[in-house]
Every structure is written in structure tokens, then in C-alpha cells.
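Heads up, my numbering is the position in the sequence shown plus 1326, with the first residue counted as 1.
Single-structure report; data block below.
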Amino acid sequence: MKPRAGSKALIREINEALVLDIVRTQAPVSRARIAVQTGLSAASVTGIAGKLVHAGLLVETEIVHGTGGRPARLLELGREGVFAAGVRLSATEAHAVVVDLRGEAVATHSEPLASTDPGDAAAAAARAVRAAAGGMAPRLIGIGVALSGVVDQASGLVRHSGAMDWTDVAFQGLLEDVADQPVIIDSYVNAYARGLLFDGSFKGRELIIFSVGTSLGAAVVVEGRIQRGFNGSAGGFAHSRAITGPEPARPCHCGAEDCFETRGSLWGMQRELERNGHNREVNPDADSSLIADAALHLGIGMANTAKVLGPEQVVVGFAPEADLGSFAEQTKQAFLCQYDHANTPPPLFDTAVAHPVALARGAACSVLAGLFTARESQPSDTEAGESLPA
Ligand SMILES: [Zn+2]
């Protein structure tokens, strides 16, 4: 860690985060090992661990006997000390998940939205969290919210959400007032990425996570951190322009034409079916050429995006409604074909089904992450991180 000129409280907070993160990633772990790993003195580790055990964030577990030394109690994360809530917001419902300190979902609840009015959405999100949290409510440390669109997390603004029909909605502050909790807002794909990062299931620290559903999204991860871009606009591959041909331009809901969104998203495929006078439901068998065209364009867009960053791994989360027959496999093959380079091997490429609960859980993990990360070193990802109970 670099020396900091902050207050004692800040240093204490940083050291607590260091200790918690070692326990999170290496549990069960001894105080002695934590001291070695963090560079803190044994006395400091004992003091911090005592406070964290008292607050229920750590628990003592098995006792190990060294060769001739004193028995040592190992530390694990506590499951009962604090909880975080996550909400996946859509135009019709607020789906809430409560997770424990390890990020494991312990309760869920869904509330319908009266309308997409921001006040109605905030009220539904708060109700869903209250119902899911039940008796855990006093131990909640915050609420993460995932919603579709361009989200400027640092300023708490939803810049644009087509699904909610919002422009520049200060949803973070709105929900904080209604729910009386610290709130972090994020896009669907960043929330999804947040959950995957929390689980540490990736190879490497340079990653791109794409989401394919009604709309498209991309989370860009550099050195293990989600990149936000100016005004939250990083990862906007959905509205970059796909190749154009002799066929008529396809207007996009963003105001431009022929975006990847018009070719590879479920919305784009449905619009194409409607334009051709068909039912808008995409059928994996009857609409195989439409799906193949979508997969090809996704492969092109994803390969172009990946080549700019050079990630070690690419993950594509398909929403359940976009899990259409061989769509995921075709997208993978198109990506590998489009990425083809004689001297540069492609990144690992994985596909998964991204269920709504995974987005809500990821949003909750954004809140947890604030406990495990020193605030100054990761300002964008930890701004709503609360200091621990004294
Ligand atoms: Zn567009």
C-alpha cells in the first residue's frame, strides 16, 4: 500500500478492508498468516480481528496445533454479522436478493412496479428489499441496484434507460431517501460482472463480459476493475455501428442506424421479424437464419471490441430469453472466426446463462465489495462502501 495522509479512521478502515479481504480469499486463515500477508503487526491484526469478530464480520473456527507452538484459532467470514441487498429492476418488477458477507443469497422477494415512474420504481425496490430482508434489515449495509441502460455510478445518475424510459434520473438519491440505506446503482452487465468478479472465477485481470438479452451490453475490466468511462459510457459496443450492406438501414432506439443492437439483441431480432410481417417471437427452429445472422454480427462486434483491450478471457452471459437453441455456440464460433490472427491467440471464451437473480446478486456484491477494498485505491467501485460498525 502507498502511504496515505488520511485520518486515523481512514487508515483503520483500510486495514480492516485488508484483513477482511485476506479472510475472504484464504479462509480459514490464522492471524499470523494475515499479519504476514498484510504487513501489519501481529498486535494490529489481533486488534482488528477482535473488533471484526465482535461485529460478527469474522468468526473463529477450527483450532490448529502447530509443532510445539500454541494452538491457533482460524478465522472465517461471519454469515450473520452483516447483509447486503441487490435489486434487479425491470419495467415490470423489482427483484430483490439478500446476500451474506460471502455473497451467498439467503433470501429473495419480487415486487411488481405500479409504473416505470422513478418514484414508483424506488418504492417497489424498497418494498422488495424490506420483504426479502425481514429480520435481517437492521444488519443491512446497503442496496445495489442493477438496471438496463447507461448508468453513471459515480454521480448516481441513470443517464439513459430505454427499458424504463428514463433520461438523467438521479435514482441513487431517490432510493436512498425511500429505503434509508446507502445505494449503489449500476447497469445490468456491470452488475453481472461484479458478481463474477466477487466469486473470483476468472483467469487473469483483463476481461470483457458481454451480456446478450433484450439489449446488449459490455463490462470492460482492466487490472481487475470495471472501467466506467466518461459519464458511465464505457462498454457501449451495442451502439457502435455494424457493417452495412445494400439492404435498408435498420433504425435503432438510440437514434442511430445499424447498431449492433439492431442485429444481435433480442429486440433487434424481434424488430426484424415484425418488419417482415412475422410474429415477433423468435423461434430457434423457424428463425435459424435470423439467429445465425445475429450470432455473426455479435461475433464481429465482440471480436473488434476484444482486440482493442486484449483480454485474457471473454464471458458472454445470455439472458434466459436469449438462450435460443445454438445461438450461444454460434456466437462463440463467430467470435473465434472473427478474432482469427496468425500470431495472437484468442482469449478464453465462455458462455453462460445470466439469470435475473445473478444480476441482483451481482448488485449486492457491489455493496459488499466496499468492505473488502480500501476506499482510496478503488474510488469508483467503493464509493458507497461503509466503514465498519465501531
Ligand atoms: Zn443504437
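Quick reminder that beta carbons are idealized off the backbone N, C-alpha and C, glycines included.
Contact belief for L1427 with L1403 at Cβ below 8 Å, rounded distance in angstroms
5 Å
Specify the secondary structure class of A1411 as computed by DSSP and reduced to three states.
strand
Residues passing the C-beta test against ligand 1 heavy atoms, cut-off 5 Å:
H1565, C1578, C1580, A1582, C1585, E1587
Can you tell me which of F1563, E1388, F1497, P1671 puts its alpha carbon nearest to the alpha carbon of D1446?
F1497
By the 10 Å Cβ neighbour count, where 16 or more other Cβ atoms means buried, how is V1455 classified, buried or exposed?
buried
Touch check for the stretch 1558 to 1570 and the stretch 1664 to 1676: three-plus C-beta pairs under 8 Å?
no
What distance in whole Å lies between the Cβ atoms of S1416 and A1489, which are believed to be in contact at a cut-off of 8 Å?
7 Å
Once DSSP output is grouped into helix, strand and coil, what is the label at E1655?
helix
Taking only three categories from DSSP, how would you classify I1569?
coil
Of the residues F1586, L1346, R1359, which one's Cα is nearest the Cα of T1699?
L1346
Can you give me the Cβ contacts of P1646 inside the same chain, cut-off strictly under 7 Å, excluding the 5 residues immediately before and after it?
V1679, H1681
Grab me the residues of A1449's own chain with a C-beta within less than 8 Å of its C-beta, minus the 5 sequence neighbours each way, in chain order.
A1440, V1504
Is it true that the CB of G1470 sits closer than 7 Å to the CB of V1484?
no
Cβ-based neighbour list, D1707, same chain, cut-off 7 Å, excluding 5 preceding and 5 following
Because D1707 carries a pLDDT of 41, less than 50, the predicted location of this residue cannot be relied on, and the following value inherits that uncertainty. Contacts found: R1551, I1552, A1695, T1699.
Leaving out five residues on either side along the sequence, give the residues of the same chain with a beta carbon under 8 Å from the beta carbon of A1375.
V1345, R1357, I1360, L1384, L1401
So, is K1328 buried or exposed, given that buried needs 16 or more other C-beta atoms within 10 angstroms?
Below a pLDDT of 50, predicted positions are generally treated as unreliable, and K1328, at 40, falls in that range; the measurement from the model is reported next regardless. Its Cβ having fewer than 16 others within 10 Å, K1328 is exposed.
Straight-line gap, R1453 to H1421 (C-alpha atoms, nearest Å)
10 Å
Tell me D1676's beta-bridge partners as DSSP assigns them.
V1641
Which class does C1691 belong to by DSSP, given the choice of helix, strand or coil?
helix
Give a yes or no on whether 7 Å exceeds the smallest Cβ distance from T1364 to chain C.
Any reference to chain C falls outside this structure, which holds one protein chain only.
Report the three-state DSSP secondary structure of E1702 (helix, strand or coil).
Bear in mind that the predicted position of E1702 carries a pLDDT of just 46, short of 50, making it unreliable; the figure below should be weighed with that in mind. E1702 falls in the helix class under three-state DSSP.
Exposed or buried, what is E1655 when buried is set at 16 or more other beta-carbons lying within 10 Å of its beta-carbon?
exposed
Near G1521, what residues of its chain come up, given a Cβ to Cβ distance below 7 Å and the 5 sequence neighbours on each side ignored?
A1684, R1687, G1688, C1691
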